[in-house]
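Counted from 1, the sequence shown has number 250 at position 249 by our numbering; the numbering is strictly sequential.
C-beta: ideal position from N, C-alpha, C; glycine also.
All values reported here derive from a predicted model rather than from experimental measurement.
Accompanying notes for the structure given below.
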Amino acid sequence: MTEALRPIALPRRVLLRAGSIVLLLGTAQIARGASVVAVRIWPAEDYTRVTIESDLPLNARSFMVNEPPRLAVDIDGMDLVPELRELVAKLQADDPNIAGIRVGQNSPTVVRLVIDLKHAIKPQVFTLEPVAAYQHRLVFDLYPATPPDPLQQLVAQRGQARDEASERAARLLGLETERLAKTSPAHPPASPPASPAHDPLGDWIHKGGRPGEQATAKATPPASNKADNPPAATPDAPTAVAKGPPASKQRPGANKGKTERLIVVALDPGHGGEDPGASGPKGTREKNVVLQIAHKLRERINATTVNGNPMRAFMTRDADFFVPLQTRVAKAQKVRADLFISIHADAFYSPDPAGASVYALSTRGASSAAARWMANKENASDLVGGVNVKSKDATVQRALLDMSTTAQINDSLKIGSQLLGEVRRVGKLHKPRVEQANFAVLRAPDIPSVLVETAFISNPEEERRLNDPKYQNDLADALLRGIVKYFEANPPLARNRQI
C-alpha cells in the first residue's frame with residue numbers, strides 16, 4: 002500500500018465529536034427545512050379557516066388569550082418568510098371572525114402568529130397530510146363560541162324574492178320577531194339598543210335585508226350622501242326568472258281551512274374553500290359554478306308556492322368555504338328540510354363524456370360501476386377539504402347519518418325522476434334514469450336526497466355552458482319545475498314548525 006492510500010488513524014474522541022456535529026446539522030436541517038408553499042384564508046359566518054401549506058410538516062403550539070380575544074400560534078423551526086407575511090394582506094375587512102393578524106419572529110427558531118378576534122371563538126388547530134394537489138397543511142378553524150343558528154340563517158339568507166314570502170317564512174317557522182330580536186345572530190355588529198318601537202327583524206322582513214343591518218347603518222354611516230337611508234333590499238330575481246315556471250296556481254278557496262305549511266328545500270353547492278372540486282380544461286372550478294347555479298335556484302324557490310304553501314331555500318354554504326359532508330346533512334336536518342339537493346359538476350379523465358345525471362342513495366351497492374366511481378370521488382371531498390378527524394361532533398354526526406331508510410330512498414328516486422325529466426329539456430342526459438350509489442352526503446334518514454351532476458366540466462363544450470348565465474338560468478328553471486312537480490304529487494306531511 003502506498004503512502005497516499007494509507008488510512009489515517011484518528012482518536013476516538015475526535016470521531017465522536019465529528020459525529021455529534023453531523024447529527025446536529027441534520028437536526029437543524031430538519032427543523033428549519035420546511036418551506037411555506039402558500040397561505041390561505043377562507044372567511045364565512047359559520048367559521049373562518051386559515052391554512053399554511055408547506056413542503057414538510059410543521060410543528061405548532063396554540064393558546065387562547067382573552068380580553069381582547071385572540072389566538073396565538075407558535076410555529077417551531079420556522080423563519081419569518083414573506084409568504085407568512087401575506088396572511089396580513091389576505092385578511093378581508095368583512096371577515097366575520099378575524100379582526101386582524103400579526104406575525105413576527107418570536108425567537109430565532111419560532112415564528113409567532115397572533116390572530117385578533119372579533120368575538121369569542123372555539124379554535125381547532127390540526128394538521129393534514131398531503132392529498133390531491135396539496136402538500137402538508139397546518140389548519141386553524143375558528144368557530145364562533147355561539148355558532149350561527151341554521152334556522153335564523155334560513156330566514157336571513159339573501160335572495161328573498163318577495164316580501165310576502167319573507168313574512169310567511171318567519172311566521173311558519175315560529176320565529177317570532179320579538180324572540181329573534183333578543184336572540185340575534187352569533188356575532189352581530191355593534192349597534193345601539195333598539196327603541197321599543199323599532200324592530201330590526203321586522204324591518205328586515207319588510208325590506209329584504211339582514212337582521213341588524215339597518216341599525217348598523219345608522220350607527221356607522223358610510224361615507225355617502227345617502228348614509229341615512231336604510232340599505233337597499235336584495236333585488237328581486239332577474240328578468241330571466243320570469244321565464245321559469247310561475248308559482249303553482251290554485252283555485253280561490255281551494256286551500257280554505259288548511260294550515261299553511263312552509264316547504265323547505267336544502268340546496269347543497271358541492272365542494273368549496275380548500276376543496277375546489279373538479280376543474281375544466283380552461284380552469285373553471287366546480288365549486289364556483291355550482292354555487293352560481295344554487296344562487297339562481299334559490300331565487301326561484303323563494304318566489305314559488307306549491308298548493309298554496311310557500312317554499313324557502315336553505316343553502317348549506319352561501320360562499321366559498323369548506324363544509325364537511327356530514328355537516329351539510331346535519332344543517333338540512335336542523336332546519337327540518339323537506340328535500341335535499343346537492344349540486345355538482347361531473348368530470349372524467351377524458352373530455353368525451355357529456356350530459357347531466359341524478360343520483361340517489363343506495364345501501365346495497367351501486368347501480369353501476371360508474372355510479373360507484375362517482376360516489377367514491379365525491380366522498381373523498383372531506384380528505385381534500387380537510388376535516389379534523391379528532392372532532393367529537395364529526396364522529397357523532399357520522400353515526401347519525403348511517404341510518405337511512407327505504408322510504409327515504411324511494412322518495413329520493415321519485416324526485417330524481419322528476420328532475421331528470423325536466424333537465425332533459427334543457428340539455429343532454431348522461432344517464433336516462435336515476436343512478437344509485439353510497440354517497441355520504443345523501444345519508445339523511447328523514448330527508449329525500451339527491452345529487453345532481455349538472456354537466457361534465459371536463460368536457461370543453463359543457464364547461465363553456467356551465468359558465469353561460471343563460472344555461473345556468475335554464476338549468477335552474479328546469480330544477481325548479483322538477484321540485485314543484487314532486488311536491489304537487491307528494492305534498493309534505495303537516496307538522497309543527499314551532500321551535
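Exposure of residue i, with buried meaning 16 or more beta-carbon neighbours within 10 Å
{"i": "D469", "result": "exposed"}
{"i": "G105", "result": "exposed"}
{"i": "Q437", "result": "buried"}
{"i": "N377", "result": "exposed"}
{"i": "A361", "result": "buried"}
{"i": "Q154", "result": "buried"}
{"i": "M79", "result": "buried"}
{"i": "S382", "result": "buried"}
{"i": "P44", "result": "buried"}
{"i": "N67", "result": "exposed"}
{"i": "T28", "result": "Because the pLDDT at T28 is just 36, under 50, the model does not fix this residue reliably, and the point stays unresolved."}
{"i": "V132", "result": "exposed"}
{"i": "S351", "result": "exposed"}
{"i": "G387", "result": "buried"}
{"i": "G160", "result": "Only weak support is given to the placement of G160: the predicted model assigns it a pLDDT of 42, under 50, and the question is left unresolved by the model."}
{"i": "P109", "result": "exposed"}
{"i": "Q1", "result": "Nothing can be reported for residue 1, as the shown portion of the chain is limited to 2 through 500."}
{"i": "P186", "result": "Any reading at P186 must be qualified, since the residue scores a pLDDT of 44, below 50, and its modelled position is unreliable; the value itself is stated next. So P186 counts as buried."}
{"i": "L476", "result": "buried"}
{"i": "P83", "result": "exposed"}
{"i": "D56", "result": "exposed"}
{"i": "A35", "result": "buried"}
Neighbourhood of residue i by C-beta, 6 angstroms cutoff - its chain only, sequence neighbours within 5 removed
{"i": "L292", "result": "P270"}
{"i": "V126", "result": "S63 and F141"}
{"i": "P70", "result": "L118 and A121"}
{"i": "D347", "result": "E454 and F457"}
{"i": "P277", "result": "R286 and K288"}
{"i": "V1", "result": "The chain is shown only over 2 to 500; residue 1 falls outside these bounds and no answer can be derived."}
{"i": "L81", "result": "Q106 and V112"}
{"i": "N389", "result": "Q125 and F127"}
{"i": "G20", "result": "Its pLDDT being 47, under 50, G20 is placed unreliably by the model, and the measurement read from it follows with that caveat. Closer than 6 angstroms at Cβ, skipping near neighbours: no residue."}
{"i": "V424", "result": "A357 and A479"}
{"i": "I76", "result": "L59, A61 and V112"}
{"i": "V359", "result": "G417, L420, L421, V435, V451 and V453"}
{"i": "A320", "result": "A45"}
{"i": "T52", "result": "R41, R138 and V140"}
{"i": "Q93", "result": "P44"}
Distance between residue j and residue i (C-alpha atoms, nearest Å)
{"i": "P282", "j": "A357", "result": "18 angstroms"}
{"i": "L494", "j": "I264", "result": "10 angstroms"}
{"i": "E489", "j": "K91", "result": "48 angstroms"}
{"i": "I42", "j": "R299", "result": "27 angstroms"}
{"i": "R434", "j": "R466", "result": "22 angstroms"}
{"i": "L143", "j": "T328", "result": "16 angstroms"}
{"i": "K429", "j": "P461", "result": "14 angstroms"}
{"i": "L72", "j": "V89", "result": "15 angstroms"}
{"i": "P149", "j": "D47", "result": "6 angstroms"}
{"i": "K432", "j": "P449", "result": "20 angstroms"}
{"i": "R482", "j": "K297", "result": "13 angstroms"}
{"i": "F323", "j": "T317", "result": "10 angstroms"}
{"i": "A338", "j": "L268", "result": "10 angstroms"}
{"i": "G284", "j": "H272", "result": "16 angstroms"}
{"i": "P325", "j": "P492", "result": "30 angstroms"}
{"i": "S413", "j": "A333", "result": "15 angstroms"}
{"i": "D1", "j": "A279", "result": "As shown, the chain starts at 2 and ends at 500. That puts residue 1 outside it, with no answer to give."}
{"i": "M65", "j": "K471", "result": "49 angstroms"}
{"i": "R262", "j": "E87", "result": "50 angstroms"}
{"i": "V290", "j": "I116", "result": "32 angstroms"}
Other residues of its chain near residue i: CB distance less than 8 angstroms, five sequence neighbours each side excluded
{"i": "A370", "result": "none"}
{"i": "Y135", "result": "E54, L129, E275 and V385"}
{"i": "P8", "result": "In this prediction, P8 has a pLDDT of 46, which is less than 50 and means its spatial position is unreliable; what the coordinates show is noted afterwards. For P8, where only same-chain residues beyond five positions count, there are no Cβ hits under 8 angstroms."}
{"i": "R426", "result": "A479"}
{"i": "A355", "result": "K429, H431, A456, F457, N460, E462 and E463"}
Close-in-space but distant-in-sequence residues of the same chain around residue i (CB under 7 angstroms, 5 per side omitted)
{"i": "L85", "result": "V37, V40, V104 and V112"}
{"i": "F349", "result": "F457 and S459"}
{"i": "A238", "result": "The predicted model places A238 with a pLDDT of 39, which falls under 50 and marks its position as unreliable; any figure quoted below should be read in that light. Correct list, in chain order: A162, E300, R301 and A304."}
{"i": "Y487", "result": "K415, I416 and Q419"}
{"i": "D96", "result": "P44 and T49"}
{"i": "K123", "result": "Y144 and A146"}
Whether residue i touches residue j by CB criterion (8 angstroms)
{"i": "T49", "j": "I102", "result": "no"}
{"i": "L1", "j": "V266", "result": "Beyond the ends of the chain as shown, which are 2 and 500, falls residue 1; an answer cannot be given."}
{"i": "I294", "j": "I342", "result": "no"}
For this session: Examine the Cβ distances between the segment 296-316 and the segment 406-425 and report whether three or more of them are shorter than 8 angstroms.
Result: no
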